[in-house]
Amino acid sequence: MKDHFRQSMAWLHTWLGLLFGWVLYFMFITGTAGYLDTEIDRWMRPELPAARYPLPQDAAIGQAQRYLQTHAADARRWSITLPIDRNEPWMRVSWQAARGMPPAASGNAYLDPVSGQRLETRDTAGGQTLYQMHWRLHYLPDAVSLWIVSIATLVLLIALVTGIVVHKKILADFFTFRPGKGQRSWLDAHNVASVVSLPFQLMITYSGLVFVMFSFMPLIATAWYGPGHAGQDAFLDEVFPPLVSAKATGRPATLVSLQQVHHDAQSRLGAKPIGALEITNPNDAHARVQVVGSFAAGPLRATDILAYDGVSGEWLSARRPWQSGPKAFRDSMLGLHEGMFAGPVLRALYVLSGLLGAAMIATGLVLWTVKRRQRVERGRGTPHLGLRGVERLNVAVVIGLPVAIGAYFWANRLLPVGMAHRAEWEVHALFAVWLLMFVFAAVRTPARAWREQTLLAAIVFASLPILNAMTTPQHLAHSLLAGDLAMAGFDLVALGVGAMFFGIAWAARRRQRQRAPW
Amino acid sequence: MAAVLGGYALATALPAAIVAIMASGMGGMARSDAVLLAMSLSFVVYTGAVMWAFAARSARAAWLGLGLPALWAGLVAWMLL
Numbered sequence: 149m150k151d152h153f154r155q156s157m158a159w160l161h162t163w164l165g166l167l168f169g170w171v172l173y174f175m176f177i178t179g180t181a182g183y184l185d186t187e188i189d190r191w192m193r194p195e196l197p198a199a200r201y202p203l204p205q206d207a208a209i210g211q212a213q214r215y216l217q218t219h220a221a222d223a224r225r226w227s228i229t230l231p232i233d234r235n236e237p238w239m240r241v242s243w244q245a246a247r248g249m250p251p252a253a254s255g256n257a258y259l260d261p262v263s264g265q266r267l268e269t270r271d272t273a274g275g276q277t278l279y280q281m282h283w284r285l286h287y288l289p290d291a292v293s294l295w296i297v298s299i300a301t302l303v304l305l306i307a308l309v310t311g312i313v314v315h316k317k318i319l320a321d322f323f324t325f326r327p328g329k330g331q332r333s334w335l336d337a338h339n340v341a342s343v344v345s346l347p348f349q350l351m352i353t354y355s356g357l358v359f360v361m362f363s364f365m366p367l368i369a370t371a372w373y374g375p376g377h378a379g380q381d382a383f384l385d386e387v388f389p390p391l392v393s394a395k396a397t398g399r400p401a402t403l404v405s406l407q408q409v410h411h412d413a414q415s416r417l418g419a420k421p422i423g424a425l426e427i428t429n430p431n432d433a434h435a436r437v438q439v440v441g442s443f444a445a446g447p448l449r450a451t452d453i454l455a456y457d458g459v460s461g462e463w464l465s466a467r468r469p470w471q472s473g474p475k476a477f478r479d480s481m482l483g484l485h486e487g488m489f490a491g492p493v494l495r496a497l498y499v500l501s502g503l504l505g506a507a508m509i510a511t512g513l514v515l516w517t518v519k520r521r522q523r524v525e526r527g528r529g530t531p532h533l534g535l536r537g538v539e540r541l542n543v544a545v546v547i548g549l550p551v552a553i554g555a556y557f558w559a560n561r562l563l564p565v566g567m568a569h570r571a572e573w574e575v576h577a578l579f580a581v582w583l584l585m586f587v588f589a590a591v592r593t594p595a596r597a598w599r600e601q602t603l604l605a606a607i608v609f610a611s612l613p614i615l616n617a618m619t620t621p622q623h624l625a626h627s628l629l630a631g632d633l634a635m636a637g638f639d640l641v642a643l644g645v646g647a648m649f650f651g652i653a654w655a656a657r658r659r660q661r662q663r664a665p666w
Numbered sequence: 058m059a060a061v062l063g064g065y066a067l068a069t070a071l072p073a074a075i076v077a078i079m080a081s082g083m084g085g086m087a088r089s090d091a092v093l094l095a096m097s098l099s100f101v102v103y104t105g106a107v108m109w110a111f112a113a114r115s116a117r118a119a120w121l122g123l124g125l126p127a128l129w130a131g132l133v134a135w136m137l138l
């Protein structure tokens, strides 16, 4: 009975892993890259000055208000994001035009907090787009990608649990690694990568599901709130009760000084940091200002929000971070998943765990092919189309995706700054190169493809700092001296990634020379 | 093995989770909280359901093992809500 259970769980684990492994690998790589989104943003916008935070907020808010009043007086909403930590390193303002206005009437800008001048940067997709691809994929309608991502996450949870069930000697195998033994070695690698990061993987997967649970399990809301959109909307309104309801009256009125509102908020919040101001209906009699605390203060991804009358500056109401047990559970799941609260050491652990997750998937995929390839070599099977296809898909995804991301960074430096739709073309470059990697893998033998693509990845990444030095004044020596840690960090990490790929390429070459089972 | 069984796990996951919550719902929980809690638990149920479906000895056993609790849970939920 127990054997049958373990057998069927092993079967389930293998097939779920194979079917969804590539999508999940993509999600792990973009997720880990997305975790470093503002650092990547900084490298992809070299025109920006090095970030300094936290900044004295008073003067900055005054400048922001002046800028918005000059450039977006008719907008329906303004928002001012203040730099308090690495999640938003620069002051950013954005404005949303009234309904019916063309999209160009809305916009955003980075502002110098001292001079109030707009900081001009190249149009780039930045780290933000890598981050968004983590759940939106690309080139797909949102509804479709949401379903794919949701199902993939559930599959991952099932794969993790079945993996645990199948893995008999979890503690002993923790310390087992037998290199050079073909399938055995890949199994060991798969186990080590998975077991070492298991708590993280379970957390990140479950919290990922919590992220999408409103769409994934809408019928549960329907049970309490009734069918259709009305039910869903009623549910969402109760979970996120709107703090201010204000319809624009059309009667103009002077917006209160935001610095005044800010002072009042500070007196109510004490030492808690203020992250943003949101202004609804600026310059209208029904203007409202919301002062938002920091979402990254702790794992609970919720914060104080204070609402003010936008004309008189009078305090209206507040929402505190804690609403109820179940809501706090959801908020802490989101907070843990996004990891925005983490300090430098914990951040490094998050990144490492994300990479281990990717390694877990990659080793699993390779294990599947190695096992069957070895069977073929022992004369116990034929290399059917499925095996050959998976071998090639593996290298195209596991190595090809990093190559494509490297190409994305190259495009950021090489595409002409004034080019139209430049940001979109950076992303096209990523997928075009990835497509090439698939073609590459299709025409080469897997062994050669692994070596060559890995070498390509190594070159693409290791030469990024050189490319940077050739195309901008922000080369590594300059950024280290100036204390621009994000810029320097990116260059150094690129070098490290390149070195890692060189290592893999070398190991692959050595293994092939020994003709060990690959 | 029928992957269809995995799909049917969905029908079980939803009500089963709801029912568990309803019991505590009698203690006066705000309905938005009840929904949040039910949704959060649903994934644990779904995972278990899929594993059960694939471990079952036959397709029939899988359908019954998932379908019956789903029906029961659905009834209870319908009566209580």
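Sequences listed follow chains A and B, in order. Each step along the first sequence adds one to the number in the working numbering, with nothing skipped, and position 502 is 650. Each step along the second sequence adds one to the number in the working numbering, with nothing skipped, and position 38 is 95. Don't be surprised by glycine CBs; every beta carbon is placed ideally from N, CA and C.
When you compare the CB of residue i with every CB in chain A, is at least one pair closer than 9 Å?
{"i": "residue 123 of chain B", "result": "no"}
{"i": "residue 107 of chain B", "result": "yes"}
{"i": "residue 27 of chain B", "result": "With chain B running from 58 to 138 in the structure shown, residue 27 of chain B is simply not present."}
{"i": "residue 87 of chain B", "result": "yes"}
{"i": "residue 59 of chain B", "result": "Low confidence applies to residue 59 of chain B: its pLDDT is 49, below 50, so where it sits in the model is not reliable, and the reading given next is rough at best. For residue 59 of chain B, the answer is no, since every Cβ of chain A falls outside 9 Å of its Cβ."}
{"i": "residue 99 of chain B", "result": "yes"}
Is the beta carbon of residue j closer than 9 Å to that of residue i?
{"i": "residue 275 of chain A", "j": "residue 184 of chain A", "result": "yes"}
{"i": "residue 661 of chain A", "j": "residue 597 of chain A", "result": "no"}
{"i": "residue 99 of chain B", "j": "residue 567 of chain A", "result": "no"}
{"i": "residue 346 of chain A", "j": "residue 308 of chain A", "result": "yes"}
{"i": "residue 606 of chain A", "j": "residue 638 of chain A", "result": "no"}
{"i": "residue 588 of chain A", "j": "residue 537 of chain A", "result": "no"}
{"i": "residue 241 of chain A", "j": "residue 203 of chain A", "result": "no"}
{"i": "residue 356 of chain A", "j": "residue 301 of chain A", "result": "yes"}
{"i": "residue 436 of chain A", "j": "residue 461 of chain A", "result": "no"}
{"i": "residue 261 of chain A", "j": "residue 208 of chain A", "result": "yes"}
Report the rounded CA-to-CA distance for residue i versus residue j, giving the unit in angstroms.
{"i": "residue 89 of chain B", "j": "residue 388 of chain A", "result": "10 Å"}
{"i": "residue 179 of chain A", "j": "residue 601 of chain A", "result": "22 Å"}
{"i": "residue 278 of chain A", "j": "residue 486 of chain A", "result": "14 Å"}
{"i": "residue 373 of chain A", "j": "residue 395 of chain A", "result": "26 Å"}
{"i": "residue 591 of chain A", "j": "residue 453 of chain A", "result": "57 Å"}
{"i": "residue 136 of chain B", "j": "residue 464 of chain A", "result": "42 Å"}
{"i": "residue 244 of chain A", "j": "residue 428 of chain A", "result": "10 Å"}
{"i": "residue 269 of chain A", "j": "residue 95 of chain B", "result": "46 Å"}
{"i": "residue 572 of chain A", "j": "residue 586 of chain A", "result": "21 Å"}
{"i": "residue 107 of chain B", "j": "residue 354 of chain A", "result": "16 Å"}
{"i": "residue 335 of chain A", "j": "residue 159 of chain A", "result": "15 Å"}
{"i": "residue 535 of chain A", "j": "residue 643 of chain A", "result": "34 Å"}
{"i": "residue 220 of chain A", "j": "residue 315 of chain A", "result": "60 Å"}
{"i": "residue 273 of chain A", "j": "residue 134 of chain B", "result": "47 Å"}
{"i": "residue 385 of chain A", "j": "residue 379 of chain A", "result": "10 Å"}
{"i": "residue 258 of chain A", "j": "residue 201 of chain A", "result": "14 Å"}
{"i": "residue 542 of chain A", "j": "residue 604 of chain A", "result": "16 Å"}
{"i": "residue 653 of chain A", "j": "residue 583 of chain A", "result": "21 Å"}
Please report the Cβ distance between residue i and residue j, rounded to the nearest whole angstrom; I am assuming they are in contact, meaning their Cβ atoms lie under 8 Å.
{"i": "residue 447 of chain A", "j": "residue 489 of chain A", "result": "5 Å"}
{"i": "residue 412 of chain A", "j": "residue 449 of chain A", "result": "The pair is not a contact, with the Cβ atoms about 25 Å apart (cut-off 8 Å)."}
{"i": "residue 634 of chain A", "j": "residue 236 of chain A", "result": "Actually they are not in contact, since the Cβ atoms of residue 634 of chain A and residue 236 of chain A sit about 13 Å apart, beyond 8 Å."}
{"i": "residue 622 of chain A", "j": "residue 194 of chain A", "result": "5 Å"}
With DSSP collapsed to three states, give me the class of residue i.
{"i": "residue 441 of chain A", "result": "strand"}
{"i": "residue 386 of chain A", "result": "helix"}
{"i": "residue 391 of chain A", "result": "coil"}
{"i": "residue 287 of chain A", "result": "coil"}
{"i": "residue 666 of chain A", "result": "In this prediction, residue 666 of chain A has a pLDDT of 47, which is less than 50 and means its spatial position is unreliable; nothing more can be read from the coordinates."}
{"i": "residue 272 of chain A", "result": "coil"}
{"i": "residue 620 of chain A", "result": "coil"}
{"i": "residue 236 of chain A", "result": "coil"}
{"i": "residue 262 of chain A", "result": "coil"}
{"i": "residue 459 of chain A", "result": "coil"}
{"i": "residue 436 of chain A", "result": "strand"}
{"i": "residue 613 of chain A", "result": "helix"}
{"i": "residue 573 of chain A", "result": "helix"}
Using a Cβ-Cβ distance under 9 Å, would residue i count as near chain B?
{"i": "residue 474 of chain A", "result": "yes"}
{"i": "residue 156 of chain A", "result": "yes"}
{"i": "residue 166 of chain A", "result": "no"}
{"i": "residue 90 of chain A", "result": "Only positions 149 to 666 of chain A appear in the structure, and residue 90 of chain A is not among them; the question remains open."}
{"i": "residue 310 of chain A", "result": "yes"}
{"i": "residue 386 of chain A", "result": "yes"}
{"i": "residue 649 of chain A", "result": "no"}
Taking 9 Å as the CB-CB cut-off, is residue i touching chain D?
{"i": "residue 117 of chain B", "result": "In the structure shown, chain D cannot be found, because the protein chains are A and B."}
For the ligand SAM, I want to know if residue i counts as a neighbour, meaning its beta carbon is within less than 8 Å of at least one of the ligand's heavy atoms.
{"i": "residue 521 of chain A", "result": "Summarising the ligand content, the structure contains no ligands, and the ligand SAM is consequently not present."}
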